[in-house]
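Trainee:
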Amino acid sequence: MAAHGAPRKVGVVGYGRLGQSLVSRLLAHGPELGLELAFVWNRDLGRMTGSVPPSLQLHSLAALGERHPDLVVEVAHPKIIQESGAHVLRHANLLVGSPSALADQTTQQQLLDASHRWGHAVFVAGGALWGTEDIARLDASGGLQSLRVTMATHPDGFRLEGLLATVPSTGPRTVLYEGPVRGLCPFAPRNSNTMAAAALAAPSLGFDNVIGVLVADLSLADMHVVDVELRGPPGPTGRNFSVHTHRENPAEPGAVTGSATVAAFWRSLLGAEGSMSQAPGARPSPPSVYHERQRLELCAIHALNNVLQQQLFSQEAADEICKRLAPDSRLNPHRSLLGTGNYDVNVIMAALQGLGLAAVWWDRRRPLSQLALPQVLGLILNLPSPVSLGLLSLPLRRRHWVALRQVDGIYYNLDSKLRAPEALGDEDGLRAFVAAALARGLCEVLLVVTKEVEEKGCWLQTD
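Under the numbering used here, the first residue of the sequence shown is numbered 364, with each subsequent residue one higher.
(1) So, are the CB atoms of residue 466 and residue 570 less than 8 Å apart?
(2) My parser needs the beta strand (DSSP E) runs of 3 or more residues fully inside the segment 389-445; what are they?
(3) Could you check how far apart the C-beta atoms of residue 635 and residue 396 are, in whole angstroms? I think they sit under 8 Å.
(4) So what's residue 686 in DSSP terms, helix, strand or just coil?
(5) What do you get for residue 691, buried or exposed, if any count of 16 or more other CB atoms within 10 angstroms of its CB means buried?
(6) Closer than 8 Å is the cut-off here; do at least three beta carbon pairs connect the segment 667-678 with the segment 763-774?
(7) Tell me the DSSP secondary structure of residue 822 in three-state form.
(8) Determine, using beta-carbon pairs with one atom in the segment 714-723 and one in the segment 789-803, whether at least three such pairs fall under 8 Å.
(9) Given this structure, state the Cα-to-Cα distance separating residue 446 from residue 493, to the nearest angstrom.
(10) Fully enclosed by the segment 481-517, which alpha helix (DSSP H) runs are 4 residues long or longer?
(11) Would you list the one or two residues that DSSP bridges to residue 814?
(12) Assuming residue 588 is part of the beta strand (DSSP E), what are its boundary residues?
(13) Apart from the five residues on each side of it in sequence, which residues of its chain come closer than 7 Å, Cβ to Cβ, to residue 823?
(14) Which residues in the same chain as residue 387 place their Cβ atom closer than 6 Å to its Cβ, once the five residues preceding and following it in sequence are excluded?
(15) Quick check on residue 380: does DSSP put it in helix, strand or coil?
(16) Rounded to a whole number of angstroms, what is the C-alpha to C-alpha distance between residue 391 and residue 415?
(17) Hey, residue 573 and residue 565: beta-carbon distance below 8 Å or not?
(18) Might you give, ordered along the chain, the residues of its own chain that have their beta carbon closer than 6 Å to the beta carbon of residue 755, omitting 5 neighbours on each side?
(19) Quick check on the DSSP output: the alpha helix (DSSP H) that includes residue 708 runs from which residue to which?
(20) Over what stretch of residues does the alpha helix (DSSP H) that includes residue 669 continue unbroken?
(21) Using the Cβ count rule (16 or more neighbours within 10 Å means buried), how would you classify residue 412?
(22) Using 10 angstroms around the beta-carbon of residue 371, count the other beta-carbons present and answer buried if the total reaches 16, otherwise exposed.
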């Protein structure tokens with residue numbers, strides 16, 4: 364939290380049930396959490412009369428930059444994200460409360476482009492989706508094969524549009540829609556956010572392959588019921604791993620939002636603020652920063668791909684380089700004997716040479732002020748890293764490759780052992796990070812440059 368420094372300024376867009384709850388909590392508990400309510404916007408300004416101080420009412424989203432928010436929370440309608448999401452990201456980080464807006468590929472790309480350009484992050488609220496992190500972990504491991512989300516409530520709880528609004532209820536329980544989530548979101552923008560959150564949590568399936576089911580049930584006058592069913596890989600007996608969660612969320616008759624969802628949004632807000640506070644003075648990394656996570660002992664491959672900001676190398680490609688470097692060796696000296704990676708610097712240098720690039724050793728005796736960073740594509744550090752066995756940290760050190768790279772004026776630590784890129788700031792921030800690594804000892808620094816820069820030596824400032 365930001366409680367020990369300047370308070371984080373939070374703007375709230377939308378003043379329905381969710382917006383009212385967030386505003387109330389921010390006014391009551393924000394100061395002790397280091398949060399300050401910057402503004403509240405609602406399409407119908409009259410709804411805020413008597414409950415939101417006039418000084419906090421924002422009459423136009425075009426003017427939100429004048430309030431200098433750190434985070435803007437959208438709890439209004441998907442159209443707000445589609446119309447103003449990119450504008451918000453010019454001034455602040457954005458917590459999307461209507462993720463069904465991202466089913467529109469143009470909107471999603473606009474947010475990614477704005478996030479990349481202005482250096483602000485996009486967060487997505489999980490809302491009523493139970494087990495978001497577990498779904499994301501299974502998907503990231505490559506084990507998620509199918510995901511189906513069913514949302515059922517009384518017909519009065521739906522706000523349907525287009526063709527879906529004309530589907531008649533044929534009995535006590537009617538399936539209004541069953542199919543890809545992308546096809547549902549335009550016709551049920553306020554009732555498909557849970558399914559949209561699932562599609563975003565499982566990008567390997569995405570909006571086109573996560574299945575959404577919308578059910579009108581006359582017996583569910585005071586609750587929303589969400590069932591999540593997923594399948595994973597088969598086990599030794601051929602049976603598939605599977606999970607089925609059933610969530611009953613109490614709701615007022617005819618309400619779009621259940622009571623548990625209100626609390627979930629507050630946790631999402633605090634989680635977004637916590638991500639913004641990951642490092643003193645650092646800005647959160649935009650989603651467009653490419654970052655591979657650690658697998659086996661493949662940190663050299665991850666460092667190469669991270670510093671180049673795209674997946675160019677694989678374990679197979681690195682093994683081929685090892686064979687070229689030592690074609691007659693029975694035990695290849697450039698990789699682990701176990702075939703799990705652990706590639707040495709020769710593999711990294713050969714990989715870069717194959718792309719017309721070069722790796723230049725940095726002489727640690729030189730002051731870092733002589734490093735001409737504008738001439739350098741990125742840095743790869745070789746650091747000692749602790750060895751772990753389960754929850755135990757062993758008193759051993761193993762060499763680990765780490766990439767540092769600038770994206771849109773911000774330098775990032777792209778260590779594959781981090782959960783997400785760590786923003787280091789400007790050139791001074793990068794130099795401070797490298798200086799600290801060198802001061803700890805046993806650190807080597809490679810500069811990734813073009814062949815021309817290597818030949819001219821202009822990676823070094825001699826003035």
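No residue lacks a Cβ here, since even glycine has one placed at the ideal position from N, Cα and C.
Mentor: Straight from the coordinates:
(1) On the sequence shown, residue 466 is found 103 positions in, with the first residue counted as 1. On the sequence shown, residue 570 is found 207 positions in, with the first residue counted as 1. Contact check for residue 466 against residue 570 passes: the beta carbons are separated by less than 8 Å.
(2) You should have 398-404 and 434-437.
(3) Working through the sequence shown from its first residue, we reach residue 635 at position 272. Working through the sequence shown from its first residue, we reach residue 396 at position 33. Actually they are not in contact, since the Cβ atoms of residue 635 and residue 396 sit about 13 Å apart, beyond 8 Å.
(4) The residue given as residue 686 occupies position 323 in the sequence shown. Of the three classes helix, strand and coil, the one that applies to residue 686 here is helix, per DSSP.
(5) Mapped onto the sequence shown, residue 691 falls at position 328. Per the 10 Å Cβ criterion, exposed.
(6) Flag = yes, the segment 667-678 and the segment 763-774 touch.
(7) Against the sequence shown, residue 822 aligns to sequence position 459. Note: residue 822 maps to coil in three-state DSSP.
(8) Flag = no, the segment 714-723 and the segment 789-803 do not touch.
(9) Locating residue 446 in the sequence shown gives position 83, where the first residue counts as 1. Locating residue 493 in the sequence shown gives position 130, where the first residue counts as 1. Going by the C-alpha atoms only, they are around 29 Å apart.
(10) Entirely contained in the segment 481-517, the alpha helix (DSSP H) runs reaching 4 residues are, in chain order, 495-503.
(11) In the sequence shown, the residue the question calls residue 814 occupies position 451. Paired residue(s): none; residue 814 is not in a bridge.
(12) Against the sequence shown, residue 588 aligns to sequence position 225. Run containing residue 588: 586-597, per the beta strand (DSSP E) assignment.
(13) Taking the first residue of the sequence shown as 1, we reach residue 823 at position 460. Leaving aside the five residues that flank residue 823 on each side, the residues in its chain whose CB is nearer than 7 Å to its CB run, in chain order, 733 and 735.
(14) In the sequence shown, residue 387 corresponds to position 24, counting from 1. For residue 387, where only same-chain residues beyond five positions count, there are no Cβ hits under 6 Å.
(15) For this step, residue 380 is matched to residue 17 along the sequence shown. DSSP places residue 380 in helix when its eight states are reduced to three.
(16) The residue you call residue 391 lines up with position 28 of the sequence shown. The residue you call residue 415 lines up with position 52 of the sequence shown. Straight-line Cα distance between these residues: approximately 13 Å.
(17) If you number the sequence shown from 1, residue 573 lands on position 210. If you number the sequence shown from 1, residue 565 lands on position 202. Contact: yes.
(18) The residue you call residue 755 lines up with position 392 of the sequence shown. Note that residue 755 scores 33 on pLDDT, short of 50, meaning its location in the model is unreliable and no value can be drawn from it.
(19) The sequence position of residue 708 within the sequence shown is 345, counting from 1. The continuous alpha helix (DSSP H) containing residue 708 extends over residues 708-716.
(20) Translated into positions along the sequence shown, residue 669 becomes position 306. In this chain, the alpha helix (DSSP H) harbouring residue 669 covers 662-671.
(21) Numbered from 1 along the sequence shown, position 49 holds the residue referred to as residue 412. Residue environment analysis places residue 412 among the exposed positions, since fewer than 16 neighbouring C-beta atoms fall within 10 angstroms of its C-beta.
(22) Position 8 of the sequence shown, counted from the start, is the residue given in the question as residue 371. When all chains shown are included, residue 371 counts as buried.
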